[in-house]
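Data block below; observations after.
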Amino acid sequence: MDPCVRLLLVTFPGQPQINPGLQLAKRLLKMGVDVTYATAFSAINRMIRSTTRTPPGLTFFGFSDGHDGGWGMDNLDNQMEELKRRGSEAVAKLITSQAERGQPFMHVVYTPFVPWAGQVAHDLHVPSTFLWIQPATILDIYYYYLNGYGDSIRNNMNDPSWSVELPGLPPVTGNDLPSYLLASNTYNFALPLLKEHFDVLDARNNPKVLVNSFDALEPGALRAIEKLNLVAIGPIFVDEVRASKVE
Numbered sequence: 347m348d349p350c351v352r353l354l355l356v357t358f359p360g361q362p363q364i365n366p367g368l369q370l371a372k373r374l375l376k377m378g379v380d381v382t383y384a385t386a387f388s389a390i391n392r393m394i395r396s397t398t399r400t401p402p403g404l405t406f407f408g409f410s411d412g413h414d415g416g417w418g419m420d421n422l423d424n425q426m427e428e429l430k431r432r433g434s435e436a437v438a439k440l441i442t443s444q445a446e447r448g449q450p451f452m453h454v455v456y457t458p459f460v461p462w463a464g465q466v467a468h469d470l471h472v473p474s475t476f477l478w479i480q481p482a483t484i485l486d487i488y489y490y491y492l493n494g495y496g497d498s499i500r501n502n503m504n505d506p507s508w509s510v511e512l513p514g515l516p517p518v519t520g521n522d523l524p525s526y527l528l529a530s531n532t533y534n535f536a537l538p539l540l541k542e543h544f545d546v547l548d549a550r551n552n553p554k555v556l557v558n559s560f561d562a563l564e565p566g567a568l569r570a571i572e573k574l575n576l577v578a579i580g581p582i583f584v585d586e587v588r589a590s591k592v593e
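Using the numbering used here, you'd call the opening residue of the sequence shown number 347 and step up by one each time.
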């Protein structure tokens, strides 16, 4: 019997998510877990160029999202759809092939903007966990914006005297709102994808979400969403320079 514990880590191919993914992978390697890091070729190519040495137990798996040379700012919605379509197929084939080889993944971890990875894992009966790379408070605000507080926030966010009390959080003002809720936001895909994340999570019973925070910093925010079990694993970054490389 193969005693190896294997985990599949699927990330969005953007630099803000590549680095946290690598840091988590390094932690897991130290715990004796073999990690397969899956993302689009555009991100894999950047990681390989900046990697001085790939540690034992870490494997990179790339797939084409149709933009292997990198993403542009034009037609982002179409690029996200292609990432979902191609990524879902590639991750499903990877999970299936590993199982057929007798080396199955025991868990899937996935980052923001790739909720399809969690759905693929669910469909193939592999446990999965969402990794939120920002503080818990930001997650809470998005959650409640998409669950009952959206109209109030949209209608009042520009009023400097306005604030809203969200469950488990101190009063939130317009200045406290995260970027995807602002009128200046140009990433139209962000909120629908966050809603998709929450829909995937809401279909489960008290799912865990790994959060880039720690208990002493956000004790209330980590418990602000009754349906979700937010687990602090931060801070993910120890050093910004080291975080950009796999040592």
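Beta carbons are placed, not taken as given, at the ideal position from N, Cα and C, and that holds for glycine.
Just so you know, these numbers come straight off a predicted model, no measurement behind them.
Strand pairing of D380, partner residues [DSSP]: Along the sequence shown, one-based indexing puts residue 380 at 34. Partner(s): R352.
Meets three-Cβ-pair contact criterion under 8 angstroms: the region 566 to 580 and the region 536 to 554: As far as the Cβ criterion goes, the region 566 to 580 touches the region 536 to 554, which means the pair count is three or higher.
Sequence-distant residues of its chain with Cβ nearer than 7 angstroms to E586 (five each side left out): For this step, residue 586 is matched to residue 240 along the sequence shown. Because E586 carries a pLDDT of 43, less than 50, the predicted location of this residue cannot be relied on, and no value is offered for it.
Residue from F535, F560 and N502 whose Cα sits closest to the Cα of A578: Reading the sequence shown from its first residue, position 232 is the one you call residue 578. Comparing alpha carbon positions, the residue from F535, F560 and N502 closest to A578 is F560.
Environment of T385 [buried if 16+ CB atoms lie within 10 Å]: Taking the sequence shown and counting its residues from 1, one reaches residue 385 at position 39. Under this definition T385 is a buried residue.
C-alpha gap between Q363 and I479, whole angstroms: Residue 363 sits at position 17 when you count from the first residue of the sequence shown. Residue 479 sits at position 133 when you count from the first residue of the sequence shown. Roughly 7 angstroms between the two C-alpha positions.
6 angstroms Cβ shell around A589 - same chain, five flanking residues per side excluded: Indexing the sequence shown from 1 puts residue 589 at position 243. Residue placement at A589 cannot be trusted, given a pLDDT of 44 that sits under 50; the coordinates are not used to answer.
Spatially closest choice to N421 from Y533, Q449, V557 and V510, by CA coordinates: Indexing the sequence shown from 1 puts residue 421 at position 75. Comparing C-alpha distances from N421 to each of Y533, Q449, V557 and V510 shows the shortest one belongs to Y533.
The region 464 to 471 / the region 485 to 495 touching (three or more Cβ pairs under 8 angstroms): No contact exists between the region 464 to 471 and the region 485 to 495.
Contact test: R352 Cβ vs the ligand GTP heavy atom, cutoff 7 angstroms: This structure simply doesn't include the ligand GTP, nor any ligand for that matter.
Assigned secondary structure, V454 (DSSP; H/G/I helix, E/B strand, else coil): Locating residue 454 in the sequence shown gives position 108, counting from the first residue. Per DSSP, reduced to three states, the secondary structure at V454 is strand.
Contact set for F406: own chain, Cβ-Cβ below 6 angstroms, skip 5 residues either direction: Within the sequence shown, the letter at position 60 stands for residue 406. For F406, where only same-chain residues beyond five positions count, the Cβ hits under 6 angstroms are Y383 and I390.
Span of the beta strand (DSSP E) around T475: Walking along the sequence shown from the start, residue 475 turns up at place 129. Segment S474 to W478, the beta strand (DSSP E) holding T475.
Cβ-based neighbour list, K430, same chain, cut-off 7 angstroms, excluding 5 preceding and 5 following: For the purposes of this step, residue 430 is taken as the residue at position 84 of the sequence shown. Correct list, in chain order: W462.
Rounded distance between the beta-carbons of L523 and M503, thought under 8 angstroms: Reading the sequence shown from its first residue, position 157 is the one you call residue 503. Reading the sequence shown from its first residue, position 177 is the one you call residue 523. Going by Cβ atoms, the distance from M503 to L523 rounds to 6 angstroms, so yes, they are a contact pair.
CA-to-CA distance, A567 to G433, given in whole angstroms: Residue mapping note: residue 433 aligns to position 87 of the sequence shown, counting from 1. Residue mapping note: residue 567 aligns to position 221 of the sequence shown, counting from 1. If you take the alpha carbons of G433 and A567, they lie about 32 angstroms apart.
Whether D411 touches P359 by CB criterion (8 angstroms): If you number the sequence shown from 1, residue 411 lands on position 65. If you number the sequence shown from 1, residue 359 lands on position 13. For D411 and P359, yes; Cβs fall inside 8 angstroms.
Bounding residues of the alpha helix (DSSP H) (the contiguous stretch that carries K430): Translated into the one-based positions of the sequence shown, residue 430 becomes position 84. Its alpha helix (DSSP H) spans residues L422 to E446.
Reference G580, options G367, L355, A445 and L375, closest by Cα: Translated into positions along the sequence shown, residue 580 becomes position 234. Nearest option by C-alpha distance: G367.
Spatial neighbours of E428 in its chain, beta-carbon cut-off 8 angstroms, leaving aside the 5 residues before and after: If you number the sequence shown from 1, residue 428 lands on position 82. Leaving aside the five residues that flank E428 on each side, the residues in its chain whose CB is nearer than 8 angstroms to its CB run, in chain order, D411, G412 and H413.
S590 - DSSP class collapsed to helix/strand/coil: Taking the sequence shown and counting its residues from 1, the one referred to as residue 590 is at position 244. Note that S590 scores 45 on pLDDT, short of 50, meaning its location in the model is unreliable and no value can be drawn from it.
Cβ-Cβ separation, P450 to R373 (assumed contact under 8 angstroms), whole Å: Locating residue 373 in the sequence shown gives position 27, where the first residue counts as 1. Locating residue 450 in the sequence shown gives position 104, where the first residue counts as 1. R373 to P450, Cβ: 22 angstroms. No contact.
For L404, the residue or residues it bridges with in DSSP: Your numbering for residue 404 matches position 58 in the sequence shown. Bridge partners of L404: V381.
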